[in-house]
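Protein chains in written order, with the working numbering: chain A, 1 to 373; chain B, 1001 to 1373; chain C, 2001 to 2373; chain D, 3001 to 3373.
Glycine included, every Cβ here is placed at the ideal spot set by N, Cα and C.
Given the structure is predicted, the values throughout are model-derived calculations rather than measurements.
Below you'll find the structure, written out as structure tokens, and then a few comments.
Next comes the structure, spelled out in structure tokens:
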């Protein structure tokens, strides 16, 4: 295996982000023995696909996503469309023996996610989910510190994802606010990212207990004509129990005026703590003890942190979303080359989806729910 | 009523803080038509009381707290001892017709708190609990903003109280770690402060659902001889439902390495948000909207905020714990003068205690608990 | 010497602050073998003095500051009036053998400051200037760290004092904006504090080079009738050379919209750095090295820092202006008791005044000025 | 003009950054009517150039930079080598009629910079200097706010650029520490960036007064054999006077332990202030007034800020160095297409170089230096 030829399905914001990352890969990973090619792309319409191919640097385009999967010269597909299409596409891609890089949330239900995973396992193809935020170098560094055992037994995780772009009740409805199109609201869209952080940093979640709220129950219709019901959640709060004994809480909302993309966590362990906030993605705050004079050190991410040498000669120059996507693509392509899944793979995604489902049941029933594994 | 003559019961850190505040009151509230006098003090021993009287500026001391209550020239008592003594002292003080300023947590149980409240009501004396942190000018300002309705419907409260002084498992046990002496651990000691914030800012809590954990189950005995069991909680996490429709979460722990006294909250409402952290007690962060370019304004507290003109001519000179205690004493003394309880009074304390109790039941049973009112 | 009997001259904000500190001293320093008494006070009028005596807890008052100095039962005077009166009062106090605690800035000129110092030396009385901000525990800790040599050779000092209370050109003139009454503007009022920080942390300043600007040249008259000229500086910027080889810069202004009391510094040394901001007075930021992964640790001040055990049992409870003034009074009283000046004494004040003067000459001539010593 | 064919001279970190930006341009600016091509590249050796061409996506490579300039199919050259080569290359490129994008600092001297500018003007080619940090969206936004006049008269600029990668005296010497190879030390390397900020935000600098220091006078030789002298500056501090009446100060150093890439400024104007720190490049802090309750708003950069819609659908996703370079390339290419220089062009670079020179003279003579214009 010396090259991975990509077929993209989807040409929106993520189509842009993934293709840029693919094209920049060789510059930052010059010693990487795998050639990445942007072979073809499909989108909502042939015209969109054609424009995207030209714009993003694909060698060709297809009229239909099935045509992408049908091509012999495509080794891997990037599934970059709304999650209600993931199941069908992934099943077809797996059946065709394509490796699969899939945007989050994985699916509309646990059943869908399980079927996708089973299909990929049967086909023995590599899978990976784009919970991209865990690939922020500061988060990778946090995970390394925790995994090293330097901080001892983890006690607590507090995760938040706060935005405010729906706080205005005058904003019209859109597909993200319809259960039939999005599956859920805040839950799948952003809570899933915090759960991914929790699983990445502390491992399996065993039990959950949650609240879900819809703050604005109806909104102007997208076409401006009348009002439509909002049938998904606007905010999620929950408690967690981890298999390793730690406990946790999560708040996720799109109704926190003034908060833009505050995706953050604090982890407290026996011997130290970590704090991260994606809005300041180039920092990790570390406390390495608990003496009376011990505070948190603000560490600016640089060459000595995960993947840092790939990007800059000194600390503080700063990664953005682009570099995170490059790391993601790199890790996926490497998994294709080595034959070993990079994380989070579909199995991880099933676990994430199970937590989301358990949260829904918990919120509906008012009881703790065990997360199967 | 032109004067309030205080009898203190307790001469520790809070004895120092309360007496200093009493003595400084006239300087900052020169127009206040009530004279405050430090009449007498009792402590664990007569010798301690005598030294404290001299040190803190009391006119006399007593050998026993009952003697303080028995004095005719004492109008009000400050109950500044460990909470397992509150019930007995308060009942006696109320029976003697003394007004009562009582440190938190109020009592060892809801029943105790209810009896204390009933006794005070029967005696028609003023009561107030020392949840002092709510009197930080920035918190008072936050409450004013919320109460004004300027931010509309409250959606969410996220409160934390993180410390690390017990994170070291080598720290010996003490009375705060014994259920028979302290009633509970983190729950009464610091969670109660966050609940007070929640009640002060958003009103009644209707339902709770919580987790409690003891991270270090035994510790060196205080006398260094062997090890003793820890039978109170080290960490509390919970979800809240407010009567006004908002939801909330709380984390409180003494096991967050690097955190010293991080007592903070974020409140998100329909039209704005507020953030506070006691470690930066002279700041309030305010977002007054949710436009794409809208962030949080860091407001430095000064003369134009609650009680500010009492303390400084310009913003940013800074209150500390002393000024907070002065505001507390002022408000209590005013309540004695006017005959109207200042908040939080014993009735508020009962509600706080009911939330604590509901949390214990919830943690034990794994179910949502309704808080009676 | 077992007691220090104070006579205050001045009953404004500083009269309030000093007297509260005196009265609280015993509570926080119970083992301190000196009795502090508030014996008498004089103010702008007898009525003001009488009210202040009652309000602040003095045993008596005087009609004239000369009467304070004339009293045999006064050991020390606190000079708390505008700086144009300092010279006359201090000379008289020294002649009467009184110890002298004097607010800043010390004097209207270097000559005045030198005469005051000489008079105090002749009389062999203790002197101290109230550059109170250096007694913030975090600043005391910074100085200890630097003095310990742990950070090696100091390289650079960057100090700022930014406020905005004069930024509005509609604010009427007052005595602080008149050279005949205040001596200078920003220079003596706030630049002097930054210079005190510089001298406290890094020692003698040898050469200065500065800019001074008046941004609003005339303002409404205080009585609202017409406009008056502003003949003092609104902003100062300068460069510094220290005797120890370090260099520095200072910006001080009352025209920084949004800044309230931002008095801060950064010190870079061979082996570490320190950052302080008075608006967050309970924090010191420390870098103890310069590895690629080395950042600043945010240390929350507590019992283990200078004077901390006097105030609280755990970190993060917070000092405010009151505690700083208590430390100041304590150190002055101790100097009276021990016979050894506490710093900054009048000799330090002369050096501060010489820097201010050199800055004025430098700004007027556009050249580096050597600071005599 | 429908395309710009680039020839790169230099294949280091900046070769990587520029080429990635060129290749990503179409994805983010799909409506941009100019085609960018990576035609050829030269580097220190033919082998390096060949590897870089492959790695960065160039159609070809050249053995010598003169061959790049000689090619008819190259419209523009990117000069990405050490600044001592800029003069010769730029003169040749201009003579060949190539448009020129040149890394900073512009040249080894004012004379060189003037000759480069004159050559470009004679040839009527577009020029631009890569003071990339001014193209951070937050800085572009700051400049828009100031230029709009919303804040009124500017009063003060305080700029810093603090790093610590040379703080360790054990680090071996390199070309950046030799005057013959680098021209200067901190001055050209990082002070020049702060000066660019100052000029971008507040316009022409008229007078300067500076200090320069070399903290570590000799270092281990690069080959480890013996020690070599450091004959460039390690730290610069200076005062500035702007043509618009504002004043300023700058500190730039590579000896601030704990600081990594702290490139920041504060600007105070009559009616508002701005604060920026590149380590948190996705934030701008804005004060829009000076009322007692007025603080700074932390604005998270997003789609509504300059170029934001090009990159993300919501705020807070974050630009890094890559996006800044894309904006730079875009603006340069547009200038080639429109025939109008983008700023900072060579004329701006001459002014920057004149300030650097005036600083050197000032530091050597201890006097204010006028900056010619």
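Option nearest residue i by Cα separation, candidates the options
{"i": "residue 2096 of chain C", "options": "C:2073, C:2033, C:2111, C:2083", "result": "C:2073"}
{"i": "residue 1110 of chain B", "options": "B:1184, B:1237, B:1142", "result": "B:1184"}
{"i": "residue 2998 of chain D", "options": "D:3067, D:3241, D:3052, D:3324", "result": "Not covered by the structure: residue 2998 of chain D. The range shown for chain D is 3001 to 3373."}
{"i": "residue 1267 of chain B", "options": "B:1287, B:1077, B:1325", "result": "B:1287"}
{"i": "residue 3274 of chain D", "options": "D:3353, D:3126, D:3196, D:3202", "result": "D:3202"}
{"i": "residue 347 of chain A", "options": "A:193, A:181, A:47, A:121", "result": "A:121"}
{"i": "residue 2126 of chain C", "options": "C:2094, C:2024, C:2174", "result": "C:2094"}
{"i": "residue 3258 of chain D", "options": "A:297, A:356, A:211, A:242", "result": "A:297"}
{"i": "residue 3194 of chain D", "options": "D:3231, D:3018, D:3249", "result": "D:3249"}
{"i": "residue 276 of chain A", "options": "A:161, A:99, A:69, A:68", "result": "A:161"}
{"i": "residue 3009 of chain D", "options": "D:3042, D:3028, D:3024, D:3021", "result": "D:3042"}
{"i": "residue 1148 of chain B", "options": "B:1099, B:1272, B:1368", "result": "B:1272"}
{"i": "residue 302 of chain A", "options": "A:138, A:278, A:265, A:118", "result": "A:138"}
Any C-beta of chain C under 9 Å from that of residue i
{"i": "residue 295 of chain A", "result": "yes"}
{"i": "residue 298 of chain A", "result": "yes"}
{"i": "residue 305 of chain A", "result": "yes"}
{"i": "residue 3342 of chain D", "result": "no"}
{"i": "residue 1352 of chain B", "result": "no"}
{"i": "residue 1320 of chain B", "result": "yes"}
{"i": "residue 1108 of chain B", "result": "no"}
{"i": "residue 3059 of chain D", "result": "no"}
Neighbour list for residue i in chain B, Cβ cutoff strictly below 7 Å
{"i": "residue 3315 of chain D", "result": "1292"}
{"i": "residue 168 of chain A", "result": "1290"}
{"i": "residue 164 of chain A", "result": "1290"}
Closer than 9 Å to chain B by CB, residue i
{"i": "residue 218 of chain A", "result": "no"}
{"i": "residue 2323 of chain C", "result": "yes"}
Chain A residues whose Cβ lies nearer than 8 Å to that of residue i
{"i": "residue 2302 of chain C", "result": "292, 293"}
Chain A contact for residue i (CB, 9 Å cutoff)
{"i": "residue 1253 of chain B", "result": "yes"}
{"i": "residue 3412 of chain D", "result": "Residue 3412 of chain D is absent from the structure shown; chain D starts at 3001 and stops at 3373."}
Chain-ordered chain D contacts of residue i [CB-CB under 8 Å]
{"i": "residue 2263 of chain C", "result": "Correct list: empty, because the minimum Cβ distance to chain D is about 14 Å."}
{"i": "residue 55 of chain A", "result": "3026, 3027, 3030"}
{"i": "residue 279 of chain A", "result": "3282, 3283, 3300, 3316, 3318"}
Proximal residues of chain C, C-beta to C-beta of residue i below 7 Å
{"i": "residue 1013 of chain B", "result": "2313"}
Under 7 Å from the C-beta of residue i: neighbouring residues of chain D
{"i": "residue 19 of chain A", "result": "3027"}
Cβ of residue i within 9 Å of any chain D Cβ
{"i": "residue 2199 of chain C", "result": "no"}
Amino acids of chain B, ordered along the chain, whose beta-carbon sits closer than 9 Å to that of residue i
{"i": "residue 2227 of chain C", "result": "Those within 9 Å of residue 2227 of chain C in chain B number zero; the least Cβ separation is about 24 Å."}
{"i": "residue 256 of chain A", "result": "1155, 1156, 1266, 1268, 1273, 1287, 1290"}
Whole beta strand (DSSP E) elements within the region 219-244 of chain A, 3-residue minimum: 227-229, 235-242
What are the start and end residues of each continuous alpha helix (DSSP H) run of 4 or more residues lying completely inside the region 1313-1370 of chain B, in chain order? 1321-1338, 1346-1365
Runs of beta strand (DSSP E) wholly within the region 55-105 of chain A (minimum 3 residues, chain order): 76-79, 99-102
Segments assigned beta strand (DSSP E), at least 3 residues, entirely inside the region 2142-2208 of chain C: 2154-2162
Short-range partners of chain D found in the region 2130-2146 of chain C, where Cβ spacing is below 7 Å: Result list empty, no residue passes.
Which residues, in chain order, does the region 2174-2197 of chain C contribute to contact with chain D at a C-beta distance below 7 Å? none
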